[in-house]
C-alpha cells in the first residue's frame with residue numbers, strides 16, 4: 086500500500102513523517118524479532134485476551150461480566166505472583182480492556198502484513214465485528230461504560246481511561262487499515278472520534294475535559310494523517326492546549342459527580358501531568374507511561390503546526406529526563422507506587438520499576454521529536470530504549486514478558502505469561518511488529534535514516550518512486566551499505582545518523598570519501614545530490630567497548646561501572662559466571678574483549694574480561710572481621726541486557742564494582 090494522505094497543518098518542508106509499516110521491510114536483527122512476534126506473540130496476545138475473558142466485555146450478545154476489579158498499580162512481588170500462574174478462571178473485568186484489545190489488534194495487523202495468518206485475521210475480524218455491533222448510534226464506543234457502568238460516560242475522565250481506550254482502538258484501526266486494507270474498524274473509530282469532538286472541545290456547550298491517562302493525542306494525529314481529516318488533528322491539539330488550565334477540569338468534574346476533588350488517590354495532578362499547562366512544564370513527573378504519551382502527542386502537534394512554544398517545553402522536559410531521571414538502559418520510572426518518577430537521580434537497580442510500557446513510550450517520544458528534523462540527541466536515545474529497556478520486556482521466542490525491567494536481580498525476577506494489568510505485552514508486541522516505521526522518516530525533499538540494519542524502504546519523493554536498501558549486521562557490526570534505486574534521477578537529501586557512541590566513523594558515496602565534518606549537523610550527515618539507480622553509500626561506524634559511569638549524585642551506582650558496545654548495554658548473568666555477581670570487581674586495567682557467539686541466545690556478541698572476585702572460603706567467626714576478604718581472579722562474561730532471563734533463572738547485574 087502507498088503512503089496515506091497527510092493532514093498537513095504546518096510547514097510541510099520542515100516536517101518529517103515516519104514511513105508506514107507496509108513501506109519498510111526489515112530483516113536481520115529486527116527481522117528476527119518481528120518474525121517472533123508474527124509467529125508467536127500475536128497469536129499469544131489474542132489467546133490470552135480470550136483467556137482473561139475480555140471478549141465477554143465487548144460482545145453485546147453475551148451477558149455482562151460479573152466481577153469488577155478496580156485498577157491499581159501492582160507491586161513487583163504481586164506482578165511475579167500473578168504472572169507465575171495465569172488461568173483466567175475468574176470472571177474479572179477492567180476499565181482499560183479496550184486498550185489492550187486495541188494494542189492486540191495493532192500487533193496482529195502489522196504481523197499479518199509480515200506473515201499471512203488467515204486464522205488470526207479471522208479472529209481479529211470477529212473482534213472488530215463485535216465493536217461494530219457494540220457502537221451506539223451517536224458513535225460512542227466504550228465496553229466499560231456500555232457494559233459495566235452504563236449511564237456514567239464522560240463523568241470521570243480523570244480516573245477511568247475513557248479516552249485512553251479510544252486512543253488505543255484508534256491506533257489499532259489505523260494499523261489494521263494500513264496493513265490489510267480493511268477499513269471497517271477505521272470507519273468505526275472515525276465515528277467515535279467525531280462523537281468525542283461533539284462532546285469535548287473549546288466551543289460553547291462542550292466539556293473542557295481531557296484524559297487522566299494520555300494517549301488519545303498521538304492516536305488522533307495518526308488518524309488525521311491516514312484520513313487526511315484536519316479535524317482530528319485539531320482535536321489532538323485541543324487536548325494538548327487544554328491540559329492543566331485553570332479552573333482545573335478534574336476538580337470541576339469531581340464536584341459534578343458529587344465527589345471531593347481532594348479525595349484523589351494520587352493526591353497530586355503531577356501524577357497525570359495536568360498540574361500546570363504543558364508549555365510551562367519543565368520536569369518529568371508522575372506516571373511515566375502517561376508522560377511519554379503526552380510528550381509524544383506534544384511533539385506531533387509541534388511538528389504539524391510548527392509550534393515553537395511546544396518544542397521549547399519538550400526540550401526542557403527532554404533535558405530533565407536524560408540528565409536526571411533515566412536508567413542507562415533507557416528504562417524510566419523507578420517507583421512501583423506511582424509507576425513513575427520520584428526525585429532527581431533516584432535510580433535504584435534491584436527495585437527499579439522501569440515498566441516495559443515506559444521504555445516503549447520513550448521510543449514513541451524520541452521518534453516523534455525527529456519529526457521536527459533529524460537530530461541525533463533524540464535518535465540515539467530512541468535506539469538505546471529500543472535495543473535495551475524495551476525489548477528486554479519480551480522473551481527471545483516472543484512468548485513471555487516482563488512488566489518491570491530491573492538492572493539487578495537475585496534470581497527471583499522471572500518472565501511471566503500474563504498480568505492482571507496486561508498493558509506491556511501488546512505494547513512491546515506492537516512496537517516490534519511496527520519497527521520499520523522507526524527506521525526512516527520522509528520530508529518533501531529529504532529522507533532521514535535513523536536506525537541501521539538490514540531493511541528496504543519504498544517511498545516517493547518529488548513524484549519519483551525510490552527503493553533504498555540497507556545491508557548490515559548491525560548491531561553486531563558497524564558497517565552499513567546503502568543502495569539507492571530511484572526509477573528516474575531525482576534530487577533529495579539523505580540524512581544519515583552518526584551515533585554519539587561511535588568515536589570514529591567514515592562515509593563514502595560511490596567509493597569516494599566524504600569528510601563528515603563538512604556535512605554533519607545535529608549528529609546527521611546530510612548528502613544532497615541527484616540520486617541515480619545503483620548509487621551506493623557506505624557508512625562505517627566504529628563500535629568501541631565502553632566503560633560507563635553514573636553521575637556521582639546517583640548513589641546506587643557510586644563506585645560502579647557498566648559496559649556497552651555500540652547501541653547495546655550489557656549485563657552479567659549467573660549462568661555465565663562462576664562467582665556470585667555482587668562479589669565481582671572489574672579492574673580498570675582489565676582488557677575487555679568482544680566475541681561473537683552465534684550459538685548463544687540466538688546469536689550475540691559477548692564481552693569478557695579477567696575480573697576479581699571476593700573469596701568466600703576461610704571466613705570464620707560470624708558476619709564481620711577486621712580483615713577484608715581474599716580475592717581471586719575469575720573470568721567475567723557479559724551478554725546484551727535485552728537477552729537476559731532467557732535461560733535458567735539466576736542472578737543478573739548491570740552495574741559492576743569498579744576496581
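In our numbering, the protein residues as written are 86 to 744. Backbone N, C-alpha and C define an ideal beta-carbon position, used for all residues, glycine too. Computed from a predicted structure; not experimentally measured.
Residue i in three-state terms, based on DSSP
| i | result |
| --- | --- |
| residue 147 | coil |
| residue 329 | coil |
| residue 648 | strand |
| residue 673 | coil |
| residue 134 | helix |
| residue 100 | coil |
| residue 705 | coil |
| residue 620 | strand |
| residue 245 | coil |
| residue 580 | strand |
| residue 361 | coil |
| residue 530 | coil |
| residue 496 | coil |
| residue 306 | helix |
| residue 125 | helix |
| residue 353 | coil |
| residue 263 | helix |
| residue 219 | helix |
Assumed close pair residue i, residue j - CB separation to whole angstroms, cut-off 8 Å
| i | j | result |
| --- | --- | --- |
| residue 718 | residue 695 | 6 Å |
| residue 99 | residue 522 | At roughly 20 Å, the Cβ-Cβ gap does not stay under 8 Å, so residue 99 and residue 522 are not in contact. |
| residue 340 | residue 346 | 7 Å |
| residue 724 | residue 625 | Not really, about 25 Å apart at Cβ, beyond 8 Å. |
| residue 669 | residue 613 | That pair is no contact at about 50 Å. |
| residue 657 | residue 615 | Rounded, the Cβ-Cβ distance is 51 Å, inconsistent with contact. |
| residue 499 | residue 739 | At roughly 17 Å, the Cβ-Cβ gap does not stay under 8 Å, so residue 499 and residue 739 are not in contact. |
| residue 592 | residue 611 | So it is not a contact: roughly 11 Å between Cβ atoms. |
| residue 542 | residue 580 | Actually they are not in contact, since the Cβ atoms of residue 542 and residue 580 sit about 13 Å apart, beyond 8 Å. |
Per DSSP, the bridge partner or partners of residue i
| i | result |
| --- | --- |
| residue 501 | 486 |
| residue 542 | 109 and 553 |
| residue 285 | 292 |
| residue 637 | Paired residue(s): none; residue 637 is not in a bridge. |
| residue 692 | 679 and 723 |
Under 8 Å between C-beta atoms of residue i and residue j
| i | j | result |
| --- | --- | --- |
| residue 130 | residue 510 | yes |
| residue 257 | residue 301 | no |
| residue 628 | residue 608 | no |
| residue 418 | residue 438 | yes |
| residue 298 | residue 375 | yes |
| residue 720 | residue 693 | yes |
| residue 448 | residue 411 | no |
| residue 278 | residue 308 | yes |
| residue 679 | residue 630 | yes |
| residue 596 | residue 102 | no |
| residue 476 | residue 647 | no |
| residue 206 | residue 230 | no |
Cβ shell of residue i (< 7 Å), same chain only, five flanking positions each side left out
| i | result |
| --- | --- |
| residue 605 | 583 |
| residue 153 | Per-residue confidence for residue 153 stands at a pLDDT of 48, beneath the threshold of 50, marking its modelled position as unreliable; no derived number is given. |
| residue 282 | 316 and 320 |
| residue 364 | 394, 395 and 398 |
| residue 267 | 261 |
| residue 368 | 405 |
| residue 637 | 643 |
| residue 482 | 121 and 125 |
| residue 735 | 496, 658, 659 and 660 |
| residue 355 | 370 and 371 |
6 Å Cβ shell around residue i - same chain, five flanking residues per side excluded
| i | result |
| --- | --- |
| residue 452 | 467 and 523 |
| residue 570 | 552 and 618 |
| residue 286 | 323 |
| residue 295 | 324, 327 and 328 |
| residue 635 | 642 |
| residue 276 | 224 |
| residue 335 | 243 |
| residue 427 | 419 and 420 |
| residue 623 | 566 and 593 |
| residue 123 | 196, 199 and 200 |
| residue 226 | 220 and 277 |
| residue 485 | 500 |
Interface flag, residue i vs chain C, CB-CB below 8 Å
| i | result |
| --- | --- |
| residue 281 | In the displayed structure, chain C is absent; only one protein chain is listed. |
Close-in-space but distant-in-sequence residues of the same chain around residue i (CB under 8 Å, 5 per side omitted)
| i | result |
| --- | --- |
| residue 159 | For residue 159, the predicted model reports a pLDDT of 37, less than 50, meaning its position is unreliable and no value from the coordinates is stated. |
| residue 111 | 119, 520, 521, 524, 538, 539 and 540 |
| residue 383 | 302, 325, 363, 395, 398 and 399 |
Residue i Cβ short of 7 Å to the ligand COA heavy atom set
| i | result |
| --- | --- |
| residue 737 | You won't find the ligand COA in this model; it holds no ligand whatsoever. |
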